[in-house]
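S.K.: Protein chains in written order, with the working numbering: chain A, 2 to 319; chain B, 2 to 319.
C-beta atoms are modelled at their ideal positions from N, C-alpha and C, and glycine is treated no differently.
The structure's right below; bear with me while I get my questions together.
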């Protein structure tokens, strides 16, 4: 990793990734269980619902050895772990098409892997799904990834600080929990609710149709979820992703992230777990590109008001 | 604009932009000078090299009136200005194919527009070029844009702080000037030099083939450039962009930004003007997508080491 002194961010280099598997033919899908022992895939045959393995082309590795000095660069070994989570043995299903029990199992897998990585000393654990070729996805078998970072990314440290400031100045109330409560009572940006969680377009959505799923009870990470909370999150995830696909009757490309507090042995009472879904389409025939203002200034310009997006998503017939 | 309380960033909404001009046929290019008075374009006919006008679909406007309150959102009027800079009357040329004098004129135009916007009370002025359909460009006539923000974006405030910290702890030396001096003496990431400026791949490049152009003399903004400095910047810009297009003999899609200090009436001795060029292709046949780690954690993972990228760009035959 090298340090970007203006942005105060680490940049990770993994030159070996340049040759990684790129859009293989369906006949050589490496995420299918092995059918022919002569041509093994990444996964054995067997009776399982969800599989996890280390990414063959990881950006971050556990045993990288000391970093090679580079003149002019402030460097550090890129300690961490990159895993692939295969959502299903069926290569044709999308995440939301799995049963709610199956999705709840995936939530449990994310929690289990977070526990293991945290015990291995990893500081920040980000489960995510890149969905669609428009997001750069090179394998269409339903799967996500988990990035475990040996450091707390600067963006995450800033969101910790923002939530702590709120927590300290609002006598122990959580910023994101309070936001979710407001959205539940206002209703105008609400998409769906369950007993233990709700889904809404945040009032400050950066992406058109951006949707958050937030448990009603504060909790810093996936390990704090009870089984009923896992089920409600899974059920909302299925509903929201289905609504996004049905919005224009085409698979919506998106980035889905599970946003946990860092596993850095600090107290994170300020943090509320949240799922963020960032669709990258702004209309049926137009993608949302990140360009000058979004990338150059971190100022997102959106064509769709959050209230309008929520109304459209609510009106989708399931 | 609405405030994102976790990221501490403004998000701009411009619902009228949804219907903006999208990939018009060559026969209805709105950036061509008007040929038929019955079918006027955005520009009059006439003898000129570069044209600037206000974006017909602006994200930020000077006279927006008070913002309409939205329950649950912290809002503010999106004061600012969005302009289009047409680089040439010829719809087929790329920026680097213009004469160095013509590119220097564009640099002067960026400076003039920055002066005018700053005098109108705009706090941060970002000239940029989105190049290529892969960057979401909807009009292929050679042009860039200028976004003038009525506030200092959080990202920019952080880079001010980073440069000030360096300036204060290094007895008046500028972080970016010092970086450029080091790159000149090390040479391993250098691409090209002129008397008053140099081009290099930064040691912490986030994009494969990311290239910076930095004047040798510190200066907070485009207004500080002397005519010889403008010429050297223009000459390096032409060379670097040509090298990027020749690297794989195909037009390189990129985001080009001119990074000036805020125009906020503070002293910005810490700042050095820099041009950043972010190509979004990582190999001849593969785009660099921003996905889970880049967007979800602001941690860029790159497949190409800066030293290797610089060597490739240097070896391109012009």
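Out of B:168, B:51, B:154 and B:64, point me to the one whose CA is closest to residue 146 of chain B's CA.
M.R.: It is B:51.
S.K.: How is residue 72 of chain A classed by DSSP in three states: helix, strand or coil?
M.R.: Three-state DSSP puts residue 72 of chain A in coil, outside helix and strand.
S.K.: Please name the residue, chosen from A:68, A:74, A:165 and A:142, that lies closest to residue 6 of chain B on a Cα-to-Cα basis.
M.R.: Among A:68, A:74, A:165 and A:142, the Cα nearest to that of residue 6 of chain B is on A:165.
S.K.: Output the distance between the C-alpha atoms of residue 289 of chain A and residue 236 of chain A, rounded to the nearest integer angstrom.
M.R.: C-alpha separation (whole angstroms): 27 angstroms.
S.K.: Excluding five sequence neighbours on each side, which residues of the same chain lie with their C-beta closer than 8 angstroms to the C-beta of residue 308 of chain A?
M.R.: Around residue 308 of chain A: 189, 190 and 202.
S.K.: In the segment 111 to 138 of chain B, which residues sit with their C-beta less than 7 angstroms from some C-beta in chain A, listed in chain order?
M.R.: Listed by position along the chain: 127, 129, 131, 136 and 137.
S.K.: To which residues of the same chain is residue 4 of chain B closer than 7 angstroms at the C-beta, ignoring the five residues directly before and after it?
M.R.: Result list for residue 4 of chain B: 11 and 75, in chain order.
S.K.: Is there contact here, the segment 166 to 184 of chain A with the segment 228 to 243 of chain A, by at least three beta-carbon pairs under 8 angstroms?
M.R.: They do not touch, by the three-pair rule.
S.K.: In chain order, what residues of the same chain lie with their CB nearer than 6 angstroms to the CB of residue 44 of chain B, ignoring the 5 residues before and after it?
M.R.: Cβ within range, chain order: 34 and 52.
S.K.: Would you identify the three-state DSSP class for residue 93 of chain B, choosing helix, strand or coil?
M.R.: In this structure, residue 93 of chain B counts as coil in the three-state DSSP scheme.
S.K.: Under 8 angstroms, CB to CB, which of the residues in the segment 150 to 165 of chain A have a partner in chain B?
M.R.: Answer in chain order: 150, 154, 155, 156, 157, 159, 160, 163 and 164.
S.K.: For the segment 256 to 277 of chain A, which residues have a beta carbon sitting closer than 7 angstroms to at least one beta carbon of chain B?
M.R.: Listed by position, the residues of the segment 256 to 277 of chain A near chain B (Cβ gap below 7 angstroms) are 256 and 258.
S.K.: When you compare the segment 102 to 121 of chain B with the segment 254 to 269 of chain B, are there three or more beta-carbon pairs, one atom per stretch, that lie closer than 8 angstroms?
M.R.: Taking 8 angstroms as the limit for Cβ pairs, the verdict is that the segment 254 to 269 of chain B does touch the segment 102 to 121 of chain B.
S.K.: Express the C-alpha separation of residue 313 of chain B and residue 299 of chain A in angstroms, rounding to a whole number.
M.R.: One C-alpha to the other measures close to 30 angstroms.
S.K.: What's the gap between the Cα of residue 159 of chain B and the Cα of residue 124 of chain B?
M.R.: For residue 159 of chain B and residue 124 of chain B, the distance between alpha carbons rounds to 15 angstroms.
S.K.: Taking only beta-carbon atoms, is residue 95 of chain A less than 9 angstroms away from chain B?
M.R.: Answer no: the Cβ-Cβ gap between residue 95 of chain A and chain B never drops below 9 angstroms.
S.K.: Give me the subset of the segment 281 to 296 of chain B whose CB atoms are less than 9 angstroms from a CB atom of chain A, sorted by chain position.
M.R.: The segment 281 to 296 of chain B vs chain A, Cβ under 9 angstroms: 283, 284, 286, 287, 288, 289, 290, 291, 292, 293, 294 and 296.
S.K.: Could you tell me the distance, in whole angstroms, from the CA atom of residue 77 of chain B to the CA atom of residue 305 of chain A?
M.R.: Their backbone Cα atoms lie some 17 angstroms apart in a straight line.
S.K.: What residues in the segment 45 to 72 of chain A have a beta carbon less than 7 angstroms from any beta carbon of chain B?
M.R.: Cβ contacts with chain B come from 60, 71 and 72.
S.K.: Taking C-beta pairs closer than 9 angstroms, name the residues in chain B that residue 207 of chain A reaches, listed in chain order.
M.R.: Within 9 angstroms Cβ-Cβ: 5, 8, 10 and 12.
S.K.: Once you ignore the five residues that flank residue 148 of chain B on each side, which residues in its own chain have a CB closer than 6 angstroms to its CB?
M.R.: If we look at residue 148 of chain B and ignore the five residues flanking it on each side, its Cβ neighbours are 83 and 127.
S.K.: Within a Cβ cutoff of 7 angstroms, which residues of the same chain sit near residue 144 of chain B, ignoring the five residues on either side of it in sequence?
M.R.: Only 32, 85, 86, 87 and 88 meet the Cβ criterion.
S.K.: Name the DSSP beta bridge partners of residue 82 of chain B, please?
M.R.: Bridge partners of residue 82 of chain B: B:149.
S.K.: Which residue from B:221, B:195 and B:122 puts its Cα closest to that of residue 230 of chain B?
M.R.: Residue B:195 is the option with its Cα nearest to residue 230 of chain B.
S.K.: In the DSSP assignment, the beta strand (DSSP E) including residue 193 of chain B goes from what residue to what residue?
M.R.: Per DSSP, residue 193 of chain B belongs to the beta strand (DSSP E) from 191 to 194.
S.K.: Hey, quick one: how far does the beta strand (DSSP E) through residue 1 of chain B stretch, first residue to last?
M.R.: In the structure as shown, chain B starts at 2 and stops at 319, and residue 1 of chain B therefore has no counterpart that could be examined.
S.K.: Where does residue 11 of chain A fall in DSSP's three states?
M.R.: In this structure, residue 11 of chain A counts as strand in the three-state DSSP scheme.
S.K.: Could you tell me whether the Cβ of residue 16 of chain A comes closer than 9 angstroms to any Cβ of chain B?
M.R.: Yes, because at least one Cβ of chain B sits closer than 9 angstroms to the Cβ of residue 16 of chain A.
S.K.: Comparing alpha-carbon positions, which option in B:247, B:119 and B:234 lies nearest residue 315 of chain B?
M.R.: Residue B:247 is the option with its Cα nearest to residue 315 of chain B.
S.K.: Mind listing, in chain order, the continuous alpha helix (DSSP H) runs of no fewer than 4 residues lying wholly within the segment 162 to 191 of chain A?
M.R.: Counting whole runs of 4 or more residues, the segment 162 to 191 of chain A contains the alpha helix (DSSP H) stretches 176 to 187.
S.K.: Measuring CA to CA, which of B:36, B:105, B:63 and B:319 is closest to residue 193 of chain B?
M.R.: With distances taken between Cα atoms, residue 193 of chain B lies closest to B:319.
S.K.: Is there a Cβ of chain A sitting closer than 9 angstroms to that of residue 180 of chain B, yes or no?
M.R.: At least one chain A Cβ lies under 9 angstroms of residue 180 of chain B.
S.K.: Can you check which of these residues, B:135, B:138, B:176 and B:119, is closest to residue 151 of chain B by C-alpha distance?
M.R.: With distances taken between Cα atoms, residue 151 of chain B lies closest to B:119.
S.K.: Distance check for residue 268 of chain A and residue 98 of chain B, CA to CA, integer angstroms please.
M.R.: Residue 98 of chain B and residue 268 of chain A: Cα-Cα distance of roughly 57 angstroms.
S.K.: How long is the line joining the alpha carbons of residue 257 of chain B and residue 72 of chain B, rounded to whole angstroms?
M.R.: Near 37 angstroms, if we compare the C-alpha coordinates of residue 72 of chain B and residue 257 of chain B.
S.K.: Which of helix, strand or coil does DSSP assign to residue 38 of chain B?
M.R.: DSSP places residue 38 of chain B in coil when its eight states are reduced to three.
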